[in-house]
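Q: Per mature numbering (1 follows the signal peptide of the UniProt record, and there is no 0), the sequence shown runs over residues -18 to -1, 1 to 315. Let me give you the structure first, and then I'll get to my questions.
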Amino acid sequence: MKKSLFLVAILISVASFAQTSYTLSSYTSAYEELTTPIPVEFLFDEDGHWDNPFFIIPFGFDFQIGGETFNSSTQFGGGAMMGFGNFLNPNLSVITFFGLTDDFVDGSTIEGLDSSIISYQIVGSVGDRIAKVQYENAAFYEEIASPEAAAENRMDFQLWFYEQNGIMEVHYGSSNIPNPDLAFFENMGPSGVLAVNYNLDSETIDYGAAIIGNPVDPTLFTFTIVPDEEFQTSLDSMPISGQVHRLAPASPNAVFNAKAPAFSIYPTIAQNEIWIKNAPQLSAAYRILDITGKEVKAGKTQSQSSINVLNLNSGIYLISIDGMGNAAKFIKK
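Structure follows, in structure tokens:
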């Protein structure tokens, strides 16, 4: 099985930032399994072992995402990606989804091993309901398909969708990840992604966001175009049980028409320092990320002052500045 098209696009891209229309917060809450889970019904025959599962979760309430309203969500592809729209339409070319883009599979694909269960439950009262989708004991395709087939890497997690305010969350449960390279496409942690109106044909997107960096205090990596350079987006490590990552609309109905000012840097191939063009008049926080999405340097911009990059290793980096509407790429020689 191949990686999802959207994941491949992310893994071979460096992103341009737009004004963040969703905000990211992180907190801890004891992970609780669903009390009365409903097993999902696969729309296509999975031969007793799911892979690329396709199923629909009926919310029973209106859920808003990207300025549109839906009353159900469709799991598609190799990740745990809950999509919004008519995924049964063979001509579908624009998709919206939220979830983990890592390639999950039923652990019982290997005879004799424990199965991986997907279920859901709608909880709460009218006006304050939550749709919870649970992946229990999920295994990873890369490990099962490896020359030494195994399913030692396992994880529990849930995706939550709130009736109120269009909030979405990833709740991490217990995990056993002895070989993260075989679980997370040679990364060290899972990849949480929101994509609003991603065009499969043109590879353009109205709004994209990836949850990256430290699982306890992650960064929201946002983008609106998919260029050609390689840049991986994932967490630095596996979150502990009880870790929650929440995405909430930053504006009513998550309208994506606001534009923030942009900046640029020079030189784009640097050895000692980089300079900011169109920097904020006052000092603003900046962050430099390496190709894995890890923050390697942070500080405050200063008027008419350069940023020292002498101690960075050779490679590709992104710099973002608070209050600015983009990120800039540079290469450290």
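Think of the CB as a built atom: it goes at the ideal place given N, C-alpha and C, for glycine as much as any other residue. Please read these numbers as outputs of a predicted model, since none were measured by experiment.
At the level of alpha carbons, what is the spacing between N260 and F245?
A: Their Cα atoms are separated by approximately 5 Å.
Q: Are the beta-carbon atoms belonging to Y13 and G224 less than 7 Å from one another?
A: In contact: Y13 and G224 (Cβ atoms closer than 7 Å).
Q: Look at the Cβ atom of L25, then the Cβ atom of F36, and state whether they are nearer than 7 Å.
A: It is a contact, given that the beta carbons lie within the stated cut-off.
Q: In angstroms, rounded to a whole number, what distance separates the CA positions of A120 and S287?
A: Cα to Cα, the separation comes out at about 49 Å.
Q: Determine, using beta-carbon pairs with one atom in the region 139 to 146 and one in the region 122 to 130, whether at least three such pairs fall under 8 Å.
A: No: the two stretches stay apart, fewer than three of their Cβ pairs being nearer than 8 Å.
Q: How big is the Cα-Cα spacing for Y102 and N290?
A: Straight-line Cα distance between these residues: approximately 50 Å.
Q: Pick helix, strand or coil for L271, following the three-state DSSP scheme.
A: Note: L271 maps to strand in three-state DSSP.
Q: How many whole angstroms separate the CB atoms of G155 and P197, which I take to be in contact at a CB cut-off of 8 Å?
A: The Cβ separation is near 13 Å, so there is no contact.
Q: Do you know whose CA, among A165, G109 and G60, lies nearest D44's CA?
A: Closest by alpha carbon: G109.
Q: For I77, which option in G59, T91 and I104 has the closest C-alpha, if you only look at C-alpha atoms?
A: Considering only alpha carbons, the answer is G59.
Q: Can you name the residues that DSSP bridges to E255?
A: Bridge partners of E255: N290.
Q: Label S280 either buried or exposed according to how many other C-beta atoms from any shown protein chain fall within 10 Å of its C-beta, with 16 as the threshold for buried.
A: Looking at the sequence shown, residue 280 is not Ser but Ala. Counting Cβ neighbours within 10 Å, A280 comes out exposed, since fewer than 16 surround it.
Q: Output the distance between the C-alpha atoms of D96 and Y189, rounded to the nearest integer angstrom.
A: Distance between the alpha carbons of D96 and Y189: 38 Å.
Q: Nearest-angstrom Cα distance between G49 and A177?
A: For G49 and A177, the distance between alpha carbons rounds to 13 Å.
Q: Roughly how many angstroms separate the alpha carbons of F139 and A133, rounded to a whole number?
A: Taking the straight line joining both Cα atoms gives about 17 Å.
Q: In angstroms, rounded to a whole number, what distance separates the CA positions of S157 and L300?
A: Looking at the two C-alpha atoms, the distance is approximately 31 Å.
Q: Would you tell me roughly how many angstroms separate the C-alpha atoms of A242 and R228, rounded to the nearest one?
A: Residue placement at A242 is poorly supported in this model, since its pLDDT is 49, which falls under 50; the coordinates are not used for a value here.
Q: Is it true that the CB of G148 sits closer than 7 Å to the CB of P200?
A: Not a contact, by the Cβ cut-off of 7 Å.
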